[in-house]
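Numbering (the working numbering), first residue to last: 92 to 147. From the three backbone atoms N, C-alpha and C, an ideal C-beta is built for every residue, glycine too. Remember, it's a predicted structure, so these values are computed and weren't measured experimentally.
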Amino acid sequence: MKEWRYFYYWIAKKSDIEQELSNLGKEGWELICTFSEEVEGEQGYRFFLKRESAFQ
């Protein structure tokens, strides 16, 4: 049985999205969904990611 870890990630600049997702992908994170969101008055983007747990 697989176990999954989930992670929310927030980034302010749309131009940084592809680079950050590439970096997280190298660590085994898989993108589930993306949505825009305002945090403390700043518009940004939140990502919901998952990866298989290293703890079996």
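Here W101 is bridged, per DSSP, to R137.
Checking the DSSP bridge columns, you'll see L122 partnered with L140. Looking at the DSSP output, S127 shares a beta bridge with Y136. Each of K141, G135, S144, L122 was checked against the Cα of S106, and the nearest Cα belongs to G135.
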